[in-house]
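Numbering (the working numbering), first residue to last: 1 to 215.
In this text, a Cβ means the ideal position worked out from N, Cα and C, and glycines have one as well.
In this text the structure is predicted, and so the values were computed from the model without any measurement.
The structure under discussion appears below in the form of structure tokens.
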Amino acid sequence: MGEIVMVRHGQANTGAQSETDYDRLSPLGHVQAGWLGDWLDAHDPGFDLVLSGTMRRHRETAAGMRRTPHDEDTRLNEIDYFALARDIEITHGLPRPACEQDFASHVPQTFAAWHAADIAGAEPFARFEDRVRDVLQEAAEPGRRVLCVTSGGIIAMALRIALGLDTERLAQVLLPIYNSSLHRFRVLDSGIFLSAFNAIPHLDPPDRADSRSWI
């Protein structure tokens, strides 16, 4: 039996107005990555392969976790949500989210339009799903443990693939994903199976409650 462990990057540059501006860890994001690295060193150090996306926030998270050098794969890069938000505002008049609470209604509507090909964003929904499926299939080797440092959208799509989620539930599982959280998939001959979702053992101590973040 193998295992794929997916990690969402640490908190990025919240309040950014573009993907480029967003793509770097905040001071808190660096702290989260370091604490996660400490926890892995103490409790779960052994991986046969470490992968990350090529985005700056992925590289900085892997470095903060002290999981470098590692292999990089563009298929683990996040969707460009800024492009999707732009398209749905133009075509459907849906305002861009102005605060964290706005995302709860914005993401499901945006994903539904994207899945229906009413909007395109930077890539079609089907292409996004295919690339996540492909990287999971390559990582899913019985007897091997793989760590993937990536983003919330990739993790949510992996959950859709493993659990057969529809688009509405895909959006629902994306929204609560913590920065620097762990998500575990068991690899069997018959496929991959979710064994842990949104774990933050490095942020569980009460004195770190203020260091838990979603955005």
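- Any idea what DSSP makes of Ala-111, helix, strand or coil? The amino acid occupying residue 111 in the given sequence is Phe; Ala does not appear at that position. Looking at Phe-111 - three-state DSSP - the assignment turns out to be helix.
- In three-state DSSP terms, what is His-183? strand
- Message: For the pair the stretch 17-25 and the stretch 158-167, tell me if three or more CB-CB distances fall below 8 Å.
- Response: no
- Message: What would DSSP say about Ala-140, mapped onto helix, strand or coil?
- Response: coil
- When we look at the beta-carbon of Met-65 and count the other beta-carbons within 10 Å, is it buried (16 or more) or exposed? buried
- Message: How far does the alpha helix (DSSP H) with Ala-33 in it extend, from its first residue to its last?
- Response: 27-43
- Query: When the distance is taken between beta carbons, is Gly-46 closer than 8 Å to Val-187?
  - Reply: no
- Option nearest Val-146 by Cα separation, candidates His-58, Tyr-81, Ile-119 and Ser-52: Ser-52
- Select from Thr-61, Leu-36 and Thr-20 the residue whose C-alpha is nearest the C-alpha of Val-149. Thr-61
- Message: Would the stretch 180-198 count as touching the stretch 3-19 if we require 3 or more Cβ pairs under 8 Å?
- Response: yes
- Message: Can you tell me whether Ala-139 is buried or exposed? The criterion is at least 16 other CB atoms within 10 Å of its CB, across all chains shown.
- Response: buried
- Throw me the rounded Cβ distance for the Leu-84 and Thr-110 pair, which I believe falls under 8 Å. 5 Å
- Message: Quick check on this structure: which residue in Pro-69, Gly-153 and Arg-59 has the alpha carbon closest to the alpha carbon of Arg-133?
- Response: Gly-153
- Query: Buried or exposed: which applies to Asn-234, given that a residue is buried once 16 or more other Cβ atoms fall within 10 Å of its Cβ?
  - Reply: Nothing can be reported for residue 234, as the shown portion of the chain is limited to 1 through 215.
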